[in-house]
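Residue numbers (my numbering): 1 to 156.
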Amino acid sequence: MNVSEVKTALGKLDHIAFQLPDGSLVPTHFHVTEVGKISKHFIDCGGTVRTENVANFQLWNADDYNHRLNPEKLHSIIELSEKVLGLEDLEVEVEYQADTIGKFGLEFDGKNFLLTSKQTDCLAKDKCGVPQEKEKLSMAVLAAGANACAPGSGCC
1 MNVSEVKTAL GKLDHIAFQL PDGSLVPTHF HVTEVGKISK HFIDCGGTVR
51 TENVANFQLW NADDYNHRLN PEKLHSIIEL SEKVLGLEDL EVEVEYQADT
101 IGKFGLEFDG KNFLLTSKQT DCLAKDKCGV PQEKEKLSMA VLAAGANACA
151 PGSGCC
């Protein structure tokens with residue numbers, strides 16, 4: 001989900017809820033402590049120089065149980081970030097701390113913002129010896145092919 005999609009979704013909500021991958025909700029008294037841009041400039045294991053940019057939202061829980069962030073306030077924080085920081089319409093990554101800081105993707109189901117699991121990956125599989133995943137075929141499909149031997153045909 002990118003920044004413009006978040007803003008559109010906020011315009012349809014009366015309240016904001018973030019749902020973790022396990023189905024539980026981030027406590028309603030969360031704060032969005034940061035909205036910004038994170039730039040990552042790196043070399044992958046194959047030697048290719050790469051750049052990655054994401055919009056970052058940081059969620060934080062405090063003992064401020066009366067705190068409630070409304071959609072209009074978050075929308076205004078995002079717009080201020082666009083104006084002051086030059087935040088572009090980037091993919092949104094969310095930081096949220098349970099035991100340690102986790103990084104999540106973001107989706108919207110029409111009611112809640114869904115924090116989705118992110119995975120690491122090798123970006124240079126062709127250069128560092130990681131085998132390509134082979135296509136899985138059903139033996140029944142292979143047997144039905146033109147080169148298959150039919151029982152009793154004498155081909156084997």
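Ideal Cβ positions, reconstructed from N, Cα and C, are used throughout, including at glycine.
Ignore the nearest five residues each way along the sequence and tell me which others in N112's own chain have a CB closer than 6 Å to its CB. A17, Q19
Could you compute how far the alpha carbon of K83 sits from the alpha carbon of S24? 34 Å
Spatial neighbours of N66 within its chain, please: C-beta separation below 8 Å, excluding the five flanking residues on both sides. H29
So A124 and D63 are in contact, right, with Cβ under 8 Å, and what is the actual spacing, rounded? That belief does not hold up - the Cβ atoms of A124 and D63 are roughly 46 Å apart, past 8 Å.
I'd like the ranges of any beta strand (DSSP E) spanning at least 3 consecutive residues and lying wholly in the region 61-124. 92-97, 101-108, 113-117
Give me whichever residues DSSP pairs with I16 in a beta bridge. I16 pairs with nothing; no bridge assigned.
Same chain, Cβ closer than 7 Å to L10, five either side skipped, listed in chain order: P71, L74, H75
Have a look at L115 and Q58 and give me their C-alpha separation to the nearest angstrom. 12 Å
Could you give the distance in angstroms between the alpha-carbon of R68 and the alpha-carbon of D121? 36 Å
Here's the rule: buried if 16 or more other CB atoms are within 10 angstroms of the residue's CB, otherwise exposed. What is A98? exposed
DSSP beta-bridge partners of K40: E52
Local Cβ density within 10 Å of V106, reported as buried at 16 or more and exposed below that: Note that residue 106 is Leu in the sequence shown here, rather than Val. By the neighbour-count rule (16 or more Cβ atoms within 10 Å), L106 is buried.
Leaving aside the five residues before and after T33 along the sequence, list all residues of the same chain whose C-beta is less than 6 Å from its C-beta, in chain order. Q58, W60
Separation of N53 from H41, as counted between CA atoms: 9 Å
Could you give the DSSP three-state label for V130: helix, strand or coil? coil
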